[in-house]
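Numbering (mature numbering (1 follows the signal peptide of the UniProt record, and there is no 0)), first residue to last: -20 to -1, 1 to 985. Ideal Cβ placement from N, Cα and C applies to all residues, glycine included. This structure is a prediction, so every number in the text was calculated from the model and none was measured.
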């Protein structure tokens, strides 16, 4: 019975009952109610709703109110009004006994179902009382409920309702189709096939059945039938079905091993929601691999990102093989590493680890040391058929990896591979590594370890040599001499590269031991060798000249100095000066004067300029050319006012005037020395000589008045002063350091401004520094530096700056180093000051000053390669910080030519960095491979290089390599948190991009 007839019967019954009570108004409202009902039945819901609302407000009758509320709520449902739910709920609550309650639920559910809002439909179906439904309503209720559950893939609930209408004439076929699909999705292909067979003649379903049957055949392993079904259906299928059918056909061919036929169908698959997953990429990649098309295989395999299953392990293994086939060894190494880290297929795991170990040996490895990898393979597979090959590689890897520290740890901790010959070599190279890092004491430890295993005579003699070198640099010259002599007399020494310069080393060792005739003998022998580099030959001539000079053999000395001058090297000025001085010792003062005058003109920037000026003054005075001597001293005082020779020159002038009976002029000079250099040796001598002049002039009162104003002279205590100082100095000269410290401390306490206060404070500072009590040395060095330039100034500046640097007191260090730079006579002290100022300004973020001092260092022709590479590296770093990429790139390129160790690793990394910035990804990766091969011990640059390599690979469209490398960095380099953070950020970006086309990739929300 339809709703309209039911409503009309109700109206007639209602009218008959109340006919006696009708009024005109009531009759009018009844008419309006019927009009509203007619509008509702004609689906004019808005007009009906308004009229029902009007009737409800006008009539005071509970039944009419209930009916009007029901229709108003139903209209709201059909009109999709926001408060429809609330109106229905209100109706049910307000009229719980209404016969329209169940109809309200059913109508609302039907409306939502018809509009495809299945979740809403189910909500209302759940409220329906099935017992009040007619048979046809019950069938519709069951089918609709089942279909609603089906649409949200809650198949168990769907089956419960659909099973109830399998035999329904109206809904049976539909129900079987969907039940078949549920069976299909649950891999119950026998049930699915039976149900589909029952509806195959219905056109509306038949068009999908070939796809399902093809897929069921595929999933059942009936690949040929799957292909036949799929190919038959393909021409008449919809575009969305073509993709899935191609997948079924392609994978069926794949499983039959017909890879060539599989490829075109696999390529036609469009993915789910436009995305492939890792397995899809694997099928196509493997098909290409089996066809020998390794380039295309790589392009598919490397889209498999983050896989952790047997398919992924298999894919990564074959990806690695494809890389090897195309000579991409770094990529192959990563893929083999990845496959070796999975446990799904034991044989693949073992073979992948074997290949990973071999490639690590061949091209280097930034993740871990090659010996460690090879040892890991041997531990994991002790019965491998490749055991002998891996053992041979292990032995060789200890040498070729250059990661000698870790190699020594492995050798000393391994019972199986403590090969004596390998141990000897690795210990030797570890010693060399420490030597290059200026850690000479530790280097000797490893040279001794190498000498404990004397298997290879060549490495034995080399270890002897470098141990001697280390002792020499630790100032243990006696031990160094023993070592160098032992090396020279050893069998096989003459075949080593070190033997070429043994005479040079012996010459220097004897020189340091002050055995100058022996030193001259070896320097002479070395100078006659062939194939000596120019710089070392010039240095040999200089030291040969010095050895003869100190031995008072001035003519041979001048001959050696002449050879050094002729070479015109960076120390030609020193040789020229020494030669000029030598003429004085062979009574050729005219030639000495001529050469000194020439020196001052020829070398106006030489650090020996003030030495030459002072010496020139001395020789003029000795030749009784007083005026010229005074003029030479004046020139020194005027042109080099910060020279330590200035107080000496003033004193000499005073003495000349004193000896020439020019007392007042002499006093003027002496007083200048005393006022400008108080407490210095020259000042003390000036006071003593001035006293004689005042006595001669009979002006002792004037002398006493003058001296009383001098803080460092106390006439009444002069004898006590000298006595106390001499007692302390005696201990000092006898090398009784503790006694000397005690004596000098007593002196400076009793005579804080005494005659010898300056010298005492300097000796105290040196003694405390020697003991290692550097804090105690500081106030004494600071006392020395309160005076103007003295003979102690330069050494005090050098030592105090060392202490401040060690204490990281950078502000004070800068102040002392700047003064050292301006006051130093010795070139090595100037270089020390400038190079440390360069480093300090960089640490303090003053990049402009960093570059300024680096340029000063590089302008010095006498610096060694290590200092030179330091300067260039700081130019590069400062340029990076100021975004001057062009200068940074150029500086790092220069560093590469001369640097060793960590600086070389840094320069190589930035070479790769700049190539990446230019988009030259392949070349950048080649540089990073060199970094991994040659400098595996420097993990910071190894990890930074790997992150850069990942970026390069992503730039080359290899997402697999990029993500795997970044994941490995995160896993292996936790000791560098900043690098790990960068790797994680890069990984997120890449995965987010790749997830757009690969559904297997999980991204962070």
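- For residue 255, DSSP records a beta bridge to 252.
- Taking the Cα positions, residue 376 is about 47 Å away from residue 543.
- Residue 978 carries a strand assignment under DSSP once its states are collapsed to helix, strand and coil.
- At least 7 Å separates the beta-carbon of residue 242 from that of residue 228.
- Rounded to whole angstroms, the separation of the alpha carbons of residue 732 and residue 515 is 49 Å.
- Per DSSP, reduced to three states, the secondary structure at residue 497 is helical.
- Nearest in C-alpha terms to residue 667, of all of 637, 631, 677 and 272, is 631.
- By alpha-carbon distance to residue 548, the top candidate from 519, 575 and 566 is 519.
- The region 526 to 543 makes no contact with the region 791 to 810: fewer than 3 CB pairs, one atom from each, lie closer than 8 Å.
- By the C-beta criterion, the region 673 to 691 is judged to be in contact with the region 635 to 647, since at least 3 inter-stretch pairs fall below 8 Å.
- A distance of 7 Å or more separates the beta carbons of residue 657 and residue 546.
- Taking C-beta separations shorter than 8 Å and ignoring five residues to either side along the sequence, the partners of residue 386 in its chain run 349, 351, 352 and 917, following chain order.
- Nearest C-alpha to residue 856 among 822, 335 and 225: 822.
- By the neighbour-count criterion, in which 16 or more other beta carbons inside 10 Å mark a residue as buried, residue 596 falls on the buried side.
- When DSSP states are grouped into helix, strand and coil, residue 772 belongs to the coil group.
- If you draw a straight line from the Cα of residue 873 to the Cα of residue 848, it comes to about 13 Å.
- If you ignore the 5 residues before and after residue 907, its C-beta comes within less than 7 Å of the C-beta of 888, 891, 892 and 895, all in its own chain and listed in chain order.
- Going by beta carbons, residue 496 and residue 527 fall inside the 7 Å limit.
- Residue 881 and residue 416 do touch by the CB rule: their CB atoms are close to 6 Å apart, below 8 Å.
- Counting only residues of its own chain and dropping the five nearest sequence neighbours on each side, residue 265 has a CB closer than 6 Å to the CB of 277, 280 and 281.
- Shown here for residue 883: same chain residues with a beta carbon closer than 7 Å to its own, the five before and five after excluded, namely 849, 853 and 875 in chain order.
- In the structure shown, residue 491 adopts helical secondary structure according to DSSP, grouped into three states.
- The Cβ atoms of residue 334 and residue 317 do not sit closer than 7 Å to each other.
- Judged by their CB atoms, residue 287 and residue 314 are not nearer to each other than the 7 Å cut-off.
- For the options 705, 738, 561 and 878, the alpha carbon positioned closest to that of residue 663 is the one of 738.
- Between residue 125 and residue 105, the gap from beta carbon to beta carbon is short of 7 Å.
- A Cβ-Cβ distance of about 5 Å is found for the pair residue 566 and residue 534, placing them in contact under the 8 Å criterion.
- Take the alpha-carbon of residue 471 and the one of residue 440: they are about 10 Å apart.
- For residue 603 against residue 569, the beta-carbon gap comes to about 5 Å, under 8 Å, which counts as contact.
- Taking the CA atoms as reference points, residue 154 sits about 32 Å from residue 61.
- With a contact defined as Cβ atoms closer than 8 Å, residue 617 and residue 636 miss out at about 14 Å.
- For the pair residue 27 and residue 9, the Cα-to-Cα distance works out to about 16 Å.
- Rounded to the nearest whole angstrom, the C-alpha separation of residue 53 and residue 131 is 27 Å.
- Of all alpha-carbon atoms in 786, 432, 320 and 91, the one lying nearest the alpha-carbon of residue 405 is that of 432.
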